[in-house]
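One structure is given here, and the rest of the page talks about it.
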Amino acid sequence: MSKVFIVTGASRGLGLAVTQALLKESHKVFLVARSEDELRKLKIQHGDSVDYISADLADLKVAPKIVASALKAFGRIDGLVINHSSLSPITKIFDSDVEEWRRSFDINVFSAVALVKESISELRKSNGRVIFISSGASSNAYIGWGAYGTSKAALNHLCAHLAIEEPSITTVTVSPGKVDTAMQKQIRDEGQTGMSPDVHASFVAEHENGRLLNPDQPGTVIAKLAIGATNTLTGKHYRWNATELTDFQSK
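Residues in the sequence shown are numbered consecutively from 1, following full-length UniProt numbering.
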């Protein structure tokens, strides 16, 4: 039976890879991103299997519209993939603007809370799944990454709380590793002043040496989790290639 998923940050990078993996398995996907042109292309390409809304998820009033639009398009919701996020500001706490931190948490945390809250009733009906995209920065501190790292740590804990409050909904947080996406380019282009020189240089070197992951690698694992994560995984944070996720990794 075809399932219905909402995927955020779906127009490029990891979100696009997750979307394509879900569509490959003949599921339906409701896409959310700011870039309407890319979403429209996916709709034209995949027809009735795709619908979308172009929105800034930092506007917390958007969440009810997303859920209502997904239900209008497909009649049910079986899962969420909360993929969107912002790395900015890349700066030390001393040099930062608190309003930039507020914006970071609006995008990375509060928008996730809003979308999950609006979806719970439908996810209870479907015994659905919520997959949050986290980061190694949620448990490892990097100079200049305070806003991003602490917001991702909050997302991990949000996952844990949702799991104990909503036992019928399987909730998993996944760190996708260093993926060749626009965020990695932002680190290389903008991180030199805010990050420690050695860490910034290591990110540059990994790109130059071709060691970044193709988005399809973690994207396929995340899609498979959205489709079929078991309740034994719920409430926990895993790296995309963890042994606990072996059943969801490509053979």
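No residue lacks a Cβ here, since even glycine has one placed at the ideal position from N, Cα and C.
- Item | DSSP state of Ile6 mapped onto helix, strand, coil | As a position in the sequence shown, residue 6 is number 6, starting the count at 1. Correct three-state label for Ile6: strand.
- Task: Decide if Arg129 is buried, meaning its Cβ has at least 16 other Cβ atoms within 10 Å, or exposed.
- Result: In the sequence shown, counting from the first residue as 1, residue 129 sits at position 129. Buried, because 16 or more other Cβ atoms sit within 10 Å of the Cβ of Arg129.
- Query: Under the rule that 16 or more other beta-carbon atoms within 10 Å means buried, what is Ala17, buried or exposed?
  - Reply: On the sequence shown, position 17 is the one that residue 17 refers to. When all chains shown are included, Ala17 counts as buried.
- Between Ile131 and Val81, what straight-line distance do the alpha-carbon atoms span, to the nearest angstrom? Counting from one through the sequence shown, the residue named residue 131 turns up at place 131. Counting from one through the sequence shown, the residue named residue 81 turns up at place 81. Taking the straight line from one Cα to the other gives about 5 Å.
- Host beta strand (DSSP E) of Ala55 (start-end): Against the sequence shown, residue 55 aligns to sequence position 55. That residue, Ala55, is in no beta strand (DSSP E); it is neither H nor E in DSSP.
- Message: For a test of the three-state rule: what should DSSP assign to Phe132, helix, strand or coil?
- Response: In the sequence shown, residue 132 corresponds to position 132, counting from 1. In the structure shown, Phe132 sits in a strand (DSSP, three-state: E or B).
- Stretch-stretch touch, CB-based, cutoff 8 Å, three pairs: the stretch 165 to 177 with the stretch 227 to 235: yes
- Starting from His161 and walking both ways along the alpha helix (DSSP H), at which residues does that stretch end? Along the sequence shown, read from residue 1 onward, the residue named residue 161 stands at position 161. It spans Gly146 to Glu165 - the alpha helix (DSSP H) in which His161 sits, taken as one unbroken run.
- Message: Threshold first: 4 residues or longer. Then list the alpha helix (DSSP H) segments lying entirely within the stretch 24 to 109, N to C.
- Response: 36 to 46, 62 to 74 and 98 to 105
- Message: Give me, in chain order, the residues of the same chain whose beta-carbon lies closer than 8 Å to that of Glu206; leave out the 5 immediate sequence neighbours on both sides.
- Response: For this step, residue 206 is matched to residue 206 along the sequence shown. Only Lys178 and Leu212 meet the Cβ criterion.
- Task: Report back the beta-carbon spacing between Ser135 and Lys152 to the nearest angstrom; my notes put them in contact at under 8 Å.
- Result: Position 135 of the sequence shown, counting from 1, holds the residue named residue 135. Position 152 of the sequence shown, counting from 1, holds the residue named residue 152. About 5 Å; that satisfies the 8 Å criterion.
- Three or more C-beta pairs closer than 8 Å, one from the stretch 13 to 27 and one from the stretch 52 to 72: is that the case here? no
- Message: Given a cut-off of 8 Å on the beta-carbon distance, is the pair Ala112 and Leu155 in contact?
- Response: To locate residue 112, count along the sequence shown from 1; it is residue 112. To locate residue 155, count along the sequence shown from 1; it is residue 155. Taking 8 Å as the Cβ cut-off, Ala112 and Leu155 qualify as a contacting pair.
- Query: Exposed or buried, what is Gln217 when buried is set at 16 or more other beta-carbons lying within 10 Å of its beta-carbon?
  - Reply: Here residue 217 refers to the residue found at position 217 of the sequence shown. Classification of Gln217: buried, given that the 10 Å Cβ count is 16 or more.
- Query: Of all the options Ser11, Glu244 and Ala229, which has the alpha carbon lying nearest to the alpha carbon of Asn83?
  - Reply: Sequence index remark: in the sequence shown, residue 83 carries index 83 (1-based). The option with the nearest alpha carbon to Asn83 is Ser11.
- Nearest to residue 253 by CA position, among Tyr238, Ile222 and His237, is which residue? Not covered by the structure: residue 253. The range shown for the chain is 1 to 251.
- Task: Would you mind sorting Ala182 into buried or exposed? The rule is 16 or more other CB atoms within 10 Å of its CB.
- Result: Within the sequence shown, the letter at position 182 stands for residue 182. That one is exposed.
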